[in-house]
Amino acid sequence: MSYRARVRIAPSPTGAPHIGLARTALFNWLFARQHGGTFVLRFEDTDTERSSRQSAQAIMETLRWLGLDWDEGPYYQMERLERYRQAAQRLLAAGRAYHCYCTVEELEAKRRRALAQGGQVRYDRSCRRLSPDDEKRLIAEGRRPVLRFKFPESGVTVVEDLVKGQVEFDNAEFDDFIILRSDGRPTYNFAVVIDDADLKITHVIRGDEHLNNTPKQIQLYRALGYGLPQFAHLPMVLDQSRHKLSKRRSQIETSLKSYRDGGFLPEALLNFIARLGWAYDDKQEIFSREELIEKFSLERVGASGAVFDEEKLLWLNQHYLMHGDPGRLGELLREFLVRQEIMSTQEAQALPAERLQTVVGLFKERVHTLVELAESAGYLLTERLQFDPQEVKKFLTPDVVPLLRALATELGELSEFTPERLEPAVRALLAAQGSSLKAAAQPCRVVLTGVTRGPGLFEIMAFLGREETAKRLERTARLIETGQLNRPLVEQNGGSRERPGGAGSA
Ligand code: GLU
Numbered sequence: 016m017s018y019r020a021r022v023r024i025a026p027s028p029t030g031a032p033h034i035g036l037a038r039t040a041l042f043n044w045l046f047a048r049q050h051g052g053t054f055v056l057r058f059e060d061t062d063t064e065r066s067s068r069q070s071a072q073a074i075m076e077t078l079r080w081l082g083l084d085w086d087e088g089p090y091y092q093m094e095r096l097e098r099y100r101q102a103a104q105r106l107l108a109a110g111r112a113y114h115c116y117c118t119v120e121e122l123e124a125k126r127r128r129a130l131a132q133g134g135q136v137r138y139d140r141s142c143r144r145l146s147p148d149d150e151k152r153l154i155a156e157g158r159r160p161v162l163r164f165k166f167p168e169s170g171v172t173v174v175e176d177l178v179k180g181q182v183e184f185d186n187a188e189f190d191d192f193i194i195l196r197s198d199g200r201p202t203y204n205f206a207v208v209i210d211d212a213d214l215k216i217t218h219v220i221r222g223d224e225h226l227n228n229t230p231k232q233i234q235l236y237r238a239l240g241y242g243l244p245q246f247a248h249l250p251m252v253l254d255q256s257r258h259k260l261s262k263r264r265s266q267i268e269t270s271l272k273s274y275r276d277g278g279f280l281p282e283a284l285l286n287f288i289a290r291l292g293w294a295y296d297d298k299q300e301i302f303s304r305e306e307l308i309e310k311f312s313l314e315r316v317g318a319s320g321a322v323f324d325e326e327k328l329l330w331l332n333q334h335y336l337m338h339g340d341p342g343r344l345g346e347l348l349r350e351f352l353v354r355q356e357i358m359s360t361q362e363a364q365a366l367p368a369e370r371l372q373t374v375v376g377l378f379k380e381r382v383h384t385l386v387e388l389a390e391s392a393g394y395l396l397t398e399r400l401q402f403d404p405q406e407v408k409k410f411l412t413p414d415v416v417p418l419l420r421a422l423a424t425e426l427g428e429l430s431e432f433t434p435e436r437l438e439p440a441v442r443a444l445l446a447a448q449g450s451s452l453k454a455a456a457q458p459c460r461v462v463l464t465g466v467t468r469g470p471g472l473f474e475i476m477a478f479l480g481r482e483e484t485a486k487r488l489e490r491t492a493r494l495i496e497t498g499q500l501n502r503p504l505v506e507q508n509g510g511s512r513e514r515p516g517g518a519g520s521a
């Protein structure tokens, strides 16, 4: 199958970009890339109260972060008002649209009456039947009309959908909806048709909340004499209790920025989003960008809801952390050390790239996000340790002091400070002190790192190096001896960088 596909996304720039938008963008982008087609970006900004250029910027920034580059646009509907006016004039002249002078209050009263009588709350089409004299009178009253589309009163409108199949709508279910507001701004269903026709969009791929709008759009295409694009409506994204993913109802975070700030890699998010409603087979979960372009197809998009599985996202992110380019991950770690306030920008910039890469290597199998990486690896890169109060109580008791001193002195004598050389040396030393690795490993880790989790003890020592290891052993021994590990943070840090939650800082 090869044709000049032209697809688009048409987000409303109102608020922060979310998962649903990224999914629609990705599927359109994949479709375009697969068919050597064009991916267009258009902003539906006619809701002038809620739209903002800031939001449009944030959407573009997110698309760039995800690597979803567009070939054309951005177009803005508010810059195309003249086009909508012309099309509306055409419908008016052809008798397919009419002015409606009903005020908001009148419409509301009609709605209430209809509800009270148990009837439908659709517009009663009263202005369809106005005589020229009626219109003159209403204009003289100072009323400013809207323009309504004459929707067929009977028959059916069939949507041939590439995902949902054939969906039939009863025309009697629709009313003569507004296409132009009294101030000349078009409504969504009208503007989207003119735009998609002008931009020669071949496939309209979007969320299935718009399926019910499609009959309105199809009737407009016909009335304006335009050919129809193909439609593909993507299944709604659901949370695990199968509710629509929405800010209010579910615990799941929907804003894309929060995933970026939360330390997710764009390739992990992209892989995850691709699987929201699409599957290649019932096995494969990991897809590179190139593989997605090769394997994606609308035929394999499911018609029912796509469930958002947070565990899977974490798993995918870990996968990409484990297999990502160490150089790039090292630089991302540098960024997150600052973001997470583990160190200052200056300090982070001073860290050698190789050191960051080594840290990535030590931790990549133990963390799921860049935030976790920065937070758990921070102690290897900064001298300021955050002692976990529980661990201090449990492990850093005065009786370990002699052991720490012995380690500090004797390890200084080792010819090579590598995990391989450290292990037998430390074991021998502990035995000589009447201790064992089993008993001393955890206290030592806490002394060196503040916590018990993380890479192996010898890897930590080797990474810190001879001097820093000895310094930390010595310093913590002193703090235990003088009881300072339990003093408030501010005093120990000289008031500089206290972070809440720790029992002490060295
Ligand atoms: N502004 C609409 C939305 O973001 C566009 C729908 C469409 O693609 O037609 O949902």
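Under my numbering, read the sequence shown as residues 16 to 521, first letter to last. Quick reminder that beta carbons are idealized off the backbone N, C-alpha and C, glycines included. Note that the coordinates shown come from a computational prediction; the quantities given were computed from them, not determined experimentally.
Check                                                                                                                      : Outcome
CB contact flag (S27, S67, <8 Å)                                                                                           : no
Rounded distance between the beta-carbons of T53 and A47, thought under 8 Å                                                : 6 Å
Cβ separation of F246 and V174, assumed to be a contact under 8 Å, to the nearest whole Å                                  : 6 Å
Inter-residue spacing [alpha-carbon to alpha-carbon] between E300 and R290                                                 : 8 Å
Exposed unless 16 or more other CB atoms sit within 10 angstroms - verdict on S70                                          : buried
For T360, three-class secondary structure by DSSP                                                                          : helix
Nearest-angstrom Cα separation, counted from L444 out to G519                                                              : The predicted model places G519 with a pLDDT of 46, which falls under 50 and marks its position as unreliable; any figure quoted below should be read in that light. Those two C-alpha atoms are separated by around 28 Å.
E435: CB within 7 Å of a non-hydrogen atom of ligand 1                                                                     : no
Beta-carbon gap between K231 and F189 smaller than 8 Å                                                                     : yes
Under 8 Å between C-beta atoms of R98 and I209                                                                             : yes
Where the alpha helix (DSSP H) containing P230 begins and where it ends                                                    : T229 to L239
Beta-carbon contacts of P439 that lie in its chain and below 7 Å, excluding the five residues immediately before and after : none
Below 5 Å from a heavy atom of ligand 1 - residues by beta-carbon                                                          : A25, P26, S27, E59, V207 and R221
Close-in-space but distant-in-sequence residues of the same chain around R221 (CB under 6 Å, 5 per side omitted)           : T39
Through-space distance from L81 to G480, alpha-carbon basis                                                                : 38 Å
Other residues of its chain near E380: CB distance less than 7 Å, five sequence neighbours each side excluded              : M337
Start and end residues, beta strand (DSSP E) containing E459                                                               : In the sequence under discussion, the amino acid at residue 459 is Cys, which differs from the Glu named in the question. From DSSP, C459 is part of no beta strand (DSSP E) but of the alpha helix (DSSP H) over L452 to T464.
Separation of L419 from M75, as counted between CA atoms                                                                   : 55 Å
Cutoff 7 Å; reference L83; Cβ partners in own chain excluding five residues on either side                                 : A40, L41 and W44
Beta-carbon spacing of F184, V171 below 8 Å                                                                                : yes
N-terminal and C-terminal residue of the alpha helix (DSSP H) that L388 is part of                                         : L385 to L396
For R529, the residue or residues it bridges with in DSSP                                                                  : There is no way to answer for residue 529, as the model of the chain reaches only from 16 to 521.
Secondary structure of Y113, DSSP reduced to three states                                                                  : strand
Reduced DSSP secondary structure (H/G/I, E/B, other) of H225                                                               : helix
Validate contact between the region 84 to 94 and the region 118 to 128 using beta carbons, cut 8 Å, 3 pairs                : no
Enclosing alpha helix (DSSP H) for T373 [first to last residue]                                                            : A368 to F378
Limits of the alpha helix (DSSP H) - the one that F351 falls within                                                        : P341 to R354
Cα-Cα separation between A455 and F402, rounded to whole angstroms                                                         : 17 Å
Reference R111, options G320, D62 and Y236, closest by Cα                                                                  : Y236
Residue burial classification, D523 (beta-carbon count within 10 angstroms, cutoff 16)                                     : Outside the displayed span of the chain (16 to 521) sits residue 523, for which this structure offers no information.
R315 (DSSP reduced to helix, strand or coil)                                                                               : helix
Inter-stretch contact (C-beta, 8 Å, three-pair minimum) for the region 472 to 479 and the region 455 to 464                : yes
Neighbour-count burial assignment, A521, 16 or more Cβ in a 10 Å radius                                                    : Confidence at A521 is low in this model, with a pLDDT of 48, below 50, so its placement is unreliable and the value that follows should be read with caution. Its Cβ being crowded by 16 or more others within 10 Å, A521 is buried.
Three or more C-beta pairs below 8 Å linking the region 273 to 290 and the region 320 to 337                               : yes
Short Cβ contact (8 Å threshold) for L427 with A485                                                                        : It is Gly, not Leu, that sits at residue 427 in the sequence shown. Taking 8 Å as the Cβ cut-off, G427 and A485 qualify as a contacting pair.
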